[in-house]
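Okay, so here's the structure we're looking at.
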Amino acid sequence: MAPSAIVAAALAFLAGWKAVRVVLAFRGNTSPAARQRALAYFTPGEIESGKRNSRPYYIPGLLAYVIELGVLWALVYLGIARRLEDLAQAAPWLPLQAGLFLGLLLLAEGVPRSPLSIYSGFLLRKRLGVLRQSFGQWAVFTLKGVAVNFVLLWVAVTVFIGLVRAFPGSWWLPASAILTLLAIGLTFIQPVLLSPLFYRFTRLEGPMRDRLLGICRAAGVRARDVFVQHESTVTTHSNAYFAGIGGSKRIVVYDNLLGRNTSDEVATVVAHEAGHWAHHHILLSTVLAAASILAGSLLLFGLFSLHGAEGFFGTSPGRLSVLPVLALLGLGAEALTEPFAAMLSRRLERQADRAALGLTADPEAFISVQVKLVRDNKADVLPHPLLVRLYASHPEPLERIRMAHEFEKEKAPGQPEGTEGATRVHREVR
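Written as structure tokens, this is what we have:
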């Protein structure tokens, strides 16, 4: 097969993979039985609203993806990346060259997609009532994100290219190790230095703080503090999460979650996050990320060791013009592994759900907060089963509600096994 045909087939596969997602999203779950189950918790208007509010994002997302594929193809196979590299070589030092090349690359990728970004990121979210920022506020928020991503990419690219040039015969090993350490370091500094660039945080005080920390202790998780993320100035979304590692580890709760939910419901959401830590999901994610970096480095090293690879891609790993090639290969790897990653993610989410039910012994609060989260986040409660299986990182809401009912039936006769301490904490603060 000719090289051009291989590239065309690969790009068609990637675009088709995303198109399948769009088709499934618009089809939804048409099962009468599934709709009947949904009507036990949501009104017909809420079900239809979820569909209307979630589906408009898919087509702009597909178009942006196709544009990205086209731009990357042009950068690699029309020689544009090599010409941008020549411009960057005018700088005298690798970090400056990397910064200049990345800036030109981000412009080449970002400008064609900017109308869709404005439509889906601002206009659509504003129309659906999800976004609370003005256009000026949204633009500043978005540009800050671009700037932060640019700095992080600049560091990673400079390190990567420098190591490839320093160790041409074995660069995959030091590159994997250093990039993994950088990723771990990013996890540490993210809640301390990066998140405050975008949101205002305040410490949570009072009985709710004590209750949430008590749930963490019952789960065997050490959290230094509880912070409130003032999400209400940006969106209507509700959530809670753990951030940081080591000395920077903390619980973060959206102010929207605190304002719209009972203390039992907030405790359930935080208990879910504590369940991730109790089951070592964060450690697992770190190990998988390190393994992915190592596997990607090895595959890239092996690929460019093949005869004719440099001619096929028009570049080599030690050149800045390899970055669009890495982006294309990354999109391919993402498409091939997405169903497996989604399956693993859903499994971890189910474990965290079961942990939350065990820690709080309150399936009623678990169910009510699932219903409220669907309403707050304007989610589709009847997604196509294949959409969930292939792409979804979380179980669908009705499955999570069913799990709570099953827990209630199993544990109703007596004390939830292994949760005596957690239940005591729960009852003391109710």
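My numbering numbers the first residue of the sequence shown as 45 and each following residue consecutively. Note that beta-carbon positions come from the ideal geometry of N, C-alpha and C, so glycine has one too. These numbers come from a predicted model, not from an experiment.
Alpha-carbon to alpha-carbon, residue j and residue i
i: A210; j: G340; result: 19 Å
i: L226; j: R157; result: 29 Å
i: G206; j: F348; result: 17 Å
i: G346; j: A333; result: 20 Å
i: W215; j: L343; result: 12 Å
i: L58; j: M447; result: 35 Å
i: A142; j: L197; result: 9 Å
i: K293; j: T381; result: 30 Å
i: V278; j: G189; result: 14 Å
i: P427; j: A52; result: 31 Å
i: V413; j: L146; result: 43 Å
i: A315; j: P251; result: 16 Å
i: A379; j: I50; result: 17 Å
i: V270; j: G123; result: 51 Å
i: I259; j: A54; result: 48 Å
i: G154; j: G352; result: 31 Å
i: L372; j: L113; result: 7 Å
i: D299; j: T246; result: 10 Å
i: E454; j: A311; result: 21 Å
i: L223; j: V199; result: 10 Å
i: F194; j: Y121; result: 24 Å
i: R171; j: D254; result: 39 Å
i: K416; j: T87; result: 13 Å
i: L187; j: L238; result: 14 Å
i: L167; j: V418; result: 22 Å
i: F384; j: P441; result: 20 Å
i: L107; j: V66; result: 11 Å
i: L350; j: K62; result: 30 Å
i: R21; j: V313; result: Because residue 21 is not part of the residues shown, which for the chain are 45 to 474, the question remains open.
i: L119; j: L230; result: 29 Å
i: R176; j: P47; result: 48 Å
i: R261; j: R394; result: 21 Å
i: I478; j: R71; result: Nothing about residue 478 can be reported from this structure: the residues present for the chain run from 45 to 474 only.
i: R430; j: V236; result: Looking at the sequence itself, residue 430 is Leu, so the reference to Arg does not match. Distance between the alpha carbons of L430 and V236: 39 Å.
i: Y85; j: R169; result: 25 Å
i: E450; j: S75; result: 22 Å
i: R468; j: A377; result: Here the model assigns R468 a pLDDT of 34, short of 50, so the residue's position is not dependable and the matter cannot be decided.
i: L217; j: W321; result: 29 Å
i: I228; j: A77; result: 45 Å
i: A56; j: E354; result: 23 Å
i: L83; j: I411; result: 14 Å
Check whether residue i and residue j have beta carbons under 7 Å apart
i: A409; j: E309; result: yes
i: K422; j: N73; result: no
i: A521; j: V297; result: The chain is shown from 45 up to 474; residue 521 falls before or after that span and cannot be answered.
i: A263; j: L392; result: no
i: A386; j: S437; result: yes
i: V272; j: L248; result: yes
i: S164; j: Y101; result: yes
i: G94; j: V425; result: yes
i: L257; j: A284; result: no
i: V280; j: V174; result: Note on identity: in this sequence residue 280 is Thr, with Val being the wrong assignment. Yes, the pair counts as a contact, with Cβ atoms nearer than the cut-off.
i: P407; j: E443; result: no
i: S220; j: L328; result: no
i: L144; j: A132; result: yes
i: R304; j: H274; result: no
i: G319; j: A405; result: no
Closest Cα partner of residue i within the set the options
i: W117; options: E382, F356, K416, E440; result: F356
i: I105; options: W182, Q133, V64, R79; result: Inspection of the sequence shows that residue 105 is occupied by Gly rather than by Ile. Ranking W182, Q133, V64, R79 by Cα distance to G105 puts V64 first.
i: F232; options: T330, R419, A54, L431; result: T330
i: R79; options: Y101, G123, I91; result: I91
i: G291; options: G147, V265, L122; result: V265
i: I111; options: S75, L160, S93; result: L160
i: P212; options: G362, T312, P136; result: G362
i: I326; options: A49, F245, A396; result: A396
i: V203; options: P139, Q181, L68; result: P139
i: H324; options: S220, T312, I289; result: I289
i: V115; options: V369, K416, V192; result: V369
i: I103; options: G60, S75, F185, A77; result: G60
i: A183; options: I162, V201, V192; result: I162
i: Q234; options: V192, I411, A322; result: V192
i: V432; options: W137, L388, P76, H449; result: L388
Cβ-Cβ separation, residue j to residue i (assumed contact under 8 Å), whole Å
i: E129; j: S365; result: 4 Å
i: L434; j: L149; result: L434 to L149, Cβ: 30 Å. No contact.
i: G374; j: R126; result: Actually they do not touch by this definition, with Cβ atoms about 20 Å apart.
i: R99; j: A69; result: 6 Å
i: R390; j: P439; result: 5 Å
i: S282; j: D420; result: 4 Å
7 Å Cβ cutoff, residue i in contact with chain D
i: P361; result: Annotation note: the requested chain D is absent from the structure, which comprises a single protein chain.
Practice prompt. Let me know the beta strand (DSSP E) ranges lying completely inside the segment 207–241, each 3 residues or longer, listed in chain order.
Written response: Fully enclosed beta strand (DSSP E) runs of 3 or longer: not present.
Item to complete: Write down every uninterrupted run of the alpha helix (DSSP H) in the segment 88–158 whose length is 4 residues or greater and which is fully enclosed by it, in chain order.
Response: Positions of the alpha helix (DSSP H) runs, each at least 4 residues long and wholly inside the segment 88–158, are given as 88–98, 102–121, 124–132 in order along the chain.
Worksheet item: Considering only residues of the segment 284–367, which uninterrupted beta strand (DSSP E) runs meet the minimum length of 3 residues and lie entirely inside it, listed in chain order?
Response: Within the segment 284–367, the complete beta strand (DSSP E) runs of at least 3 residues fall at 284–287, 294–298.
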